[in-house]
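Enquirer: Sequential numbering from 9 applies to the sequence shown in the working numbering.
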Amino acid sequence: MCTITLSYNENDSVASQKLAALLATGLFVQLDAPQELDIDYSDPSLYEDDDLILPEGKDSYTPEELRDLLISDLKSIYGMKDAV
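(1) So Q38 and L31 are supposed to be a Cβ contact under 8 Å. How far apart are they, rounded?
(2) Looking at the structure shown, is Q25 part of a helix, part of a strand, or coil, going by DSSP?
(3) In chain order, what residues of the same chain lie with their CB nearer than 8 Å to the CB of T11, ignoring the 5 residues before and after it?
(4) From what residue to what residue does the alpha helix (DSSP H) around I85 run?
(5) As a quick exercise: from F36, S24 and S15, pick the residue whose alpha carbon is nearest that of M9.
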């Protein structure tokens, strides 16, 4: 499965008809477009440099450890499990 993003002029009746015909084939489904994040870029807390708390006795992470941590966090966020 893959996601394809189409953009078109909603006021163009031919484009709307072609999109409807494409969706009517059943080969494609229309997903709700993700809403843009409402971020206040003037908020100073976005730019604060928080101190990272590392486990005791650890001064830094190797790139491999950081990669594993990030992937683990992303999997937990998206509810993914490792295949066995």
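Note that the Cβ used here is the ideal one computed from N, Cα and C, for glycine as well.
The structure displayed is predicted, hence computed values, not measured ones.
Expert: Reading it off the structure:
(1) On the sequence shown, position 30 is the one that residue 38 refers to. On the sequence shown, position 23 is the one that residue 31 refers to. Contact between Q38 and L31 holds, with the beta-carbon distance rounding to 6 Å and staying under 8 Å.
(2) What you label residue 25 is simply residue 17 of the sequence shown in a count that begins at 1. Residue state, collapsed to three classes: helix.
(3) Position 3 of the sequence shown, counted from the first residue, corresponds to residue 11. Excluding residues within five positions, the ones whose Cβ falls inside 8 Å are L39.
(4) Looking up residue 85 in the sequence shown gives position 77. For I85, the enclosing alpha helix (DSSP H) starts and ends at P71 to Y86.
(5) Here residue 9 refers to the residue found at position 1 when the sequence shown is read from its first residue. Nearest C-alpha to M9 among F36, S24 and S15: F36.
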